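The working numbering numbers the first residue of the sequence shown as 3 and each following residue consecutively. Input: a single structure, listed below in structure tokens.
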Amino acid sequence: MDIKQLKKYQKYAISRLEKEFKIACRSGNLNLVEFFIFSKDLPENVNPLVDNCAGLRWACGNNKLEIVKFFLESPKLTQHAKVNINSNEPFRRAAENGNLEIVRYLMSKQEFRDKIEVHEWSDFALRKACA
């Protein structure tokens, strides 16, 4: 196997890990989420910011409050959480899927509340939540 093939394989392996990471976030498996981010047994850890913070979006959309709190409160992820707060997408996903507990949690976070555009896209999140 030459270097070019090895890099292609590594890229595939990392993208596979990222897919598994998103599934762990969507299913609410906190142990697995932490494993993908912090494990020393992986060739490379998954960046929690992968795919524009997809893990947080998946957790919000699938009503996985424990995962959402992990992303936004864990001292291990402080620098990552600040980036997540700049997006309206987690709020929109939670609202459109009727995940009221997560909507309330996000709105309780002052730094998040200041960034949320409740009326974005002609009240899209509100209309989806009420549908």
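All C-beta atoms in this analysis are idealised placements derived from N, C-alpha and C, irrespective of residue type, glycine included. Values in this document were obtained by computation on a predicted structure and should not be read as measured data.
DSSP-derived helix/strand/coil call for residue i
i    : result
S76  : coil
K21  : helix
L44  : coil
K66  : coil
K111 : coil
N33  : helix
P2   : Limits of the chain in this structure are 3 at one end and 133 at the other, which puts residue 2 out of reach.
G57  : helix
Cα-Cα separation between residue i and residue j, rounded to whole angstroms
i    : j    : result
N101 : N64  : 8 Å
C27  : C55  : 11 Å
C62  : F23  : 15 Å
E91  : F114 : 11 Å
N33  : F93  : 24 Å
F37  : N99  : 27 Å
F72  : N49  : 14 Å
A83  : R18  : With a pLDDT of 49 at A83, under the threshold of 50, the modelled position of this residue cannot be trusted, and the question is left open.
Proximity winner among the options, relative to residue i (alpha-carbon distances)
i   : options                : result
E68 : Y107, S41 and R95      : Y107
L58 : D43, N47 and S29       : S29
E46 : W60, R95, M109 and E20 : E20
K78 : K111, I39 and W60      : I39
Sequence-distant residues of the same chain with beta carbon closer than 7 Å to residue i, five excluded per side
i    : result
E75  : none
I111 : It is worth fixing the name first, because residue 111 is Lys in this sequence and not Ile. So the list reads L74, once near-sequence residues are dropped.
8 Å Cβ shell around residue i - same chain, five flanking residues per side excluded
i    : result
E103 : N65 and L67
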